[in-house]
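Working notes, structure below.
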Amino acid sequence: MRVLAALSGGVDSAVAAARAVDAGHDVVGVHMALSRTRDQFRTGSRGCCSIEDAGDARRAADVLGIPYYVWDLSERFEETVVADFLAEYEAGRTPNPCVRCNEHIKFSALLDKAVALGFDAVCTGHYARIEVDADGSRALHRSADPAKDQSYVLAVMGPERLARSMFPLGDVPSKEQTRAEAAARGLSVSAKPDSYDICFVADGDTQGFLRSRLGERPGEIVDTAGEVVGTHDGAYAYTVGQRRGLALGRPAPDGKPRYVLAVEPVRNRVVVGPADELEVAVVEADRAVWFTPVTRGPLACAVQVRAHGAPVEATASVLDDGSLSVAVGPGLRGVAPGQSLVLYAGTRVLGQATVTGTRRGASPVRPAPAGGRAS
Amino acid sequence: MVPEAARVLADQLFRTGNPSSLHASGRAARRVVEESRERTAAALGARPSEVVWTAGGTEADNLAVKGLFWSRRAQDPSRRRILVSAAEHHAVLDPAFWMAEHAGAELVLLPVDADGVLVVDALRRELEAHGDQAALISVMWANNEVGALQPLDDVVALARRFGVPVHADAVQAVGQVPVDFAASGLDALTVSAHKLGGPGGVGALLARRGLDLTPVLHGGGQERGVRSGTLDAPLIASFGVAADLAVTGRAEHAARVGALRDDLVARVLAAVPGAVLRGPADTARRLPANAHFTFAGCEGDSLLYLLDSAGVEASTGSACQAGVPRPSHVLLAMGVDEDVARGALRFSLGRTSTAADVEALLTVLPGVVERARAAGLAGRGTAVPV
């Protein structure tokens, strides 16, 4: 097969490309330039698109003996991932930019262009497995190493794009193994630190980034009774479940820590309350993507709402409009609209959707689009 | 590299001696350097004393822009304006921008027309309005991307009227078109060895005798005190041989590649829908080895990939340090739409190019452009079946 290997300049994508070469594919390396103002060097684990990264990707391609190109997808990245990130926070939701990047850039802009240029598949260093079922259909599974599993951020791509994807690292038992393999192959990136933070927020200060792009919008922080307990510089910078950075002047009457329960963009208010109010019983979600034939449900499954969150038992029902209502078992707290919800059966991904609201017990906690107060 | 230049380089590498030392091996190395200086000067219509060796074209351009600015401003503090064409190579453009940001210069970008040729009237208007404030003018001999020869005679005549020194980057021109420093009336001219069959890492600034240049590199005071640094006798020797051969073989070479180029242009325009030749259509007004096209709807990186996998090496223009293809500033200065400028390809013909190469290109190019166009649409969000 003709395979386009996306090379970030990190160790995972380099080893993934090496494995694709070993498998006998005709491999071409492509580094995506996603930022128009690129830093010269990476600082620690932050950022992923520096000129140093592009150089590391080029060196990896040299070592593997494959052609190397840089594709400028910065405009698409800004228009989709960054714009979505800002719009979602502005609307009081909590986006996951890695999910949107996989949706709009890696398995869309990059994949479409690769297919148009004659490639059969795109290969990345993601940790997830692709299994081929008896009927020939391909299923997305968690990686062998649960600690590195990235099926959560990949699920958004759906089955058609999975058919054009390769994840050669899905069966690697641990990241240490990937590093050892990189070192054995003579890849100089073997000891490069992992990247964790949002790549376009180079200094890791998401609140500062939002403030610089959206401007300051001072407003009130209130408790569940509507009492003003503090102020903020912009409700968009808060996310449900957040505890740090509230800077409330006086302690709660019960003396317990307070968390963000809701962000109300229209009234520019942040609602805070005790931890037990974050407990969620039902999650509602839309924009569903399915890897299995859609049934009305109820579908017994496990759901995950964060990249590194634990899955919880759930029962999902598909409503008439295609949206989801998911009754979740105990232990799920602080779920915000905008988050990606992924449904699993064991290690297998069943589908993915975007959270629109949650309910605690019988009464809705959210959404409160017109500024309704949280219960 | 041409074999003769490579051989001289290899031979000289086995010799020792710093050309600035006074002992026997130093004197021998000095002789190699001075013979090459005479040879290079003769090839370019300059006097030996006008040759200032540098580590390449970029250094020579930096020395010209910065050195002329500082010396002219020192003589007359009101002369702060640097006049450069908007289609200059980055080795001229970037020092000019840098001087504006850091050294108190005022940058004046002179427009080019749709063919990439300097608009002489704009220079005249600028000099008539602010001629007493001009520190220098830098206009290239021929554009490196679209091949357009520049009206340097007009530039020099105008500059004389206002007492402004003129520098030209002739890196692309030497060995392609006749370059005679004395006849040109220029004050300074940049040349680089690697573009005329010599080694990388060596070049020269031809600086008119008596031209006041403030040094950029300070140290041992070599090269008239203008360019300090130990001279590299092997590179310099090889440069001289390459310059000599490039100039003596120029007419024959230009006629041969010019004919190949004319054939390539005619056949590309006939075979590829939407192909547009950039730079002057009159081939007498462009470098003989240069052909430059835009293919609307294509991305340069797609064209490069598809051609490369078909065994054809082309160039999209100048790449930035991370290798990201950007729309060329030359095409933008010519008024080409940004989207169209993304689909640019330059074909340079060299000593080893043959009619069979042109044939091979034409076999693959129509299909490559068609495929790149489909990929360009995919990149803009139109769904492609997966």
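As given, the protein sequences belong to chains A and B, one line each in that order. Residues are numbered in my numbering as their position in the first sequence, beginning at 1, plus a constant of 306. Residues are numbered in my numbering as their position in the second sequence, beginning at 1, plus a constant of 1275. Note that beta-carbon positions come from the ideal geometry of N, C-alpha and C, so glycine has one too.
Contact between the region 641-653 of chain A and the region 609-626 of chain A is present: 3 or more CB-CB pairs across the two stretches fall below 8 Å. For residue 496 of chain A, the CB contacts under 7 Å within the same chain, skipping 5 residues up- and downstream, are 317, 485, 488, 489 in chain order. At a cut-off of 8 Å between beta carbons, residue 1581 of chain B contacts chain A.
Taken in chain order, the members of the region 363-385 of chain A whose beta-carbon sits within less than 7 Å of a beta-carbon on chain B are 373, 375, 376, 377, 378. For residue 1337 of chain B, the enclosing alpha helix (DSSP H) starts and ends at 1332-1350. Taking C-beta atoms under 8 Å as the contact rule, residue 474 of chain A and residue 322 of chain A qualify, at a distance of about 5 Å.
Taking CB atoms only, residue 424 of chain A has a neighbour in chain B less than 8 Å away.
Between the beta-carbon of residue 1517 of chain B and that of residue 1280 of chain B there is about 4 Å, and that keeps the pair under the 8 Å contact cut. Proximity of chain A to residue 1646 of chain B at the Cβ level (cut-off 9 Å) is accounted for by 422, 423, 424, in chain order. Counted as a single uninterrupted DSSP element, the alpha helix (DSSP H) harbouring residue 392 of chain A occupies residues 389-396.
Inter-residue distance for residue 494 of chain A and residue 375 of chain A is about 19 Å (C-alpha atoms, whole angstroms).
For residue 1570 of chain B against residue 1587 of chain B, the beta-carbon gap comes to about 14 Å, at or over 8 Å, which does not count as contact. For residue 485 of chain A, the enclosing alpha helix (DSSP H) has its first and last residue at 481-490. Note on geometry: alpha-carbon atoms of residue 1415 of chain B and residue 1461 of chain B lie some 11 Å from one another. Residue 1565 of chain B has B:1623 as its beta-bridge partners, per DSSP.
Inter-residue distance for residue 1652 of chain B and residue 381 of chain A is about 14 Å (C-alpha atoms, whole angstroms). DSSP places residue 1543 of chain B inside the alpha helix (DSSP H), whose first and last residues are 1525-1546. Of all alpha-carbon atoms in A:590, A:619, A:606, the one lying nearest the alpha-carbon of residue 627 of chain A is that of A:590. Distance from the Cα of residue 436 of chain A is smallest, within the candidate group A:425, A:450, A:523, for A:450. For residue 513 of chain A, the CB contacts under 6 Å within the same chain, skipping 5 residues up- and downstream, are 543 in chain order. When the five nearest sequence neighbours on each side are left out, the beta carbons in the same chain lying within less than 6 Å of the beta carbon of residue 538 of chain A are those of 525, 527, 576, in order along the chain. Looking at the DSSP output, residue 522 of chain A sits in no beta bridge, so it has no partner there.
Spatial neighbours of residue 460 of chain A in its own chain (CB-CB distance under 7 Å, excluding positions within 5 residues in sequence) are listed in chain order as 408, 432, 434, 446.
By a beta-carbon distance limit of 8 Å, residue 1618 of chain B contacts residue 1572 of chain B. Their separation comes to about 6 Å. In the displayed model, residue 662 of chain A falls within a strand according to three-state DSSP.
Setting aside the 5 residues that flank it on each side, residue 619 of chain A is surrounded in the same chain by 608, 635, each with a C-beta closer than 7 Å to its C-beta; the list follows chain order. Cβ neighbours of residue 331 of chain A within its own chain (closer than 6 Å, five residues either side excluded): 307, 309. Out of A:633, A:629, A:665, A:666, the CA that lies nearest to the CA of residue 658 of chain A is found in A:629. For residue 1454 of chain B, the closest C-alpha among the options B:1471, B:1438, B:1439 is that of B:1471. One Cα belongs to residue 313 of chain A, the other to residue 471 of chain A, and the distance between them is close to 14 Å. When the alpha-carbon of residue 1523 of chain B is set against those of B:1285, B:1620, B:1314, B:1301, the nearest one is in B:1314. In this structure, the straight-line span from the alpha carbon of residue 1295 of chain B to that of residue 1529 of chain B is close to 38 Å. Judged by DSSP in its simplified three-state form, residue 513 of chain A adopts helix. Beta-bridge analysis with DSSP links residue 591 of chain A to A:630, A:661.
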